[in-house]
Amino acid sequence: MASTKITDATFEEAIASDTPVLVDFWAEWCGPCKAIEPVLEQIGDEYAGKISIAKLNIDENPQSPASHGVMSIPTMIVFQGGEVKKRIVGARPKAAMVNELQEFLG
Numbered sequence: 047m048a049s050t051k052i053t054d055a056t057f058e059e060a061i062a063s064d065t066p067v068l069v070d071f072w073a074e075w076c077g078p079c080k081a082i083e084p085v086l087e088q089i090g091d092e093y094a095g096k097i098s099i100a101k102l103n104i105d106e107n108p109q110s111p112a113s114h115g116v117m118s119i120p121t122m123i124v125f126q127g128g129e130v131k132k133r134i135v136g137a138r139p140k141a142a143m144v145n146e147l148q149e150f151l152g
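Numbering (my numbering), first residue to last: 47 to 152.
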C-alpha cells in the first residue's frame, strides 16, 4: 500500500518533508473518497520518491482539516516543506489527477 495514515498528532511532521506530500482528507462514509482511494494508491506507487500519499480521517482527526480550511471531502492538499502548494477538491479520474499533480511528478 502506497499511502500512510496520519493523525492530528503526526500531521505537522508528515507535511514537513522536502518531497511533496499529498494529504487526502477523507471519511468512511464518503463515497467519492472511496472512489479516489485506488487512484491515489496507483499514483503513490508509480511516482514513489516524487510524491508521498498520506490519508487523514477527518472524523477521527478534526483539528488538521479545520486548521487548513477543509470544508468538503475529498479534499487533497499537496504540502512541500510544510507549505501548501496545491489544493484539489473532489474526486477525479486518474489521468486528471496525474495532470493536476504534474508539477510535482516531473
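Glycine residues also receive a C-beta, built at the ideal position from the N, C-alpha and C atoms.
These figures come from a predicted structure and were not determined experimentally.
Apart from sequence neighbours up to five positions away, the residues of its chain that approach Pro111 with a beta-carbon distance below 6 Å are Phe71, Ile104, ordered along the chain.
Ala141 sits away from Ile82, with the two beta carbons spaced by 8 Å or more.
Annotation: the region 114-138 contains the following complete segments of the beta strand (DSSP E) (minimum length 3 residues), in chain order: 121-126, 129-135. Cα atoms of Trp75 and Pro139: separation of roughly 20 Å, rounded to the nearest angstrom.
A distance of 8 Å or more separates the beta carbons of Ala94 and Thr50. Annotated three-state conformation of Ala55 is helix, per DSSP. When the beta-carbon positions are compared, Leu102 and Phe57 come within less than 8 Å of each other.
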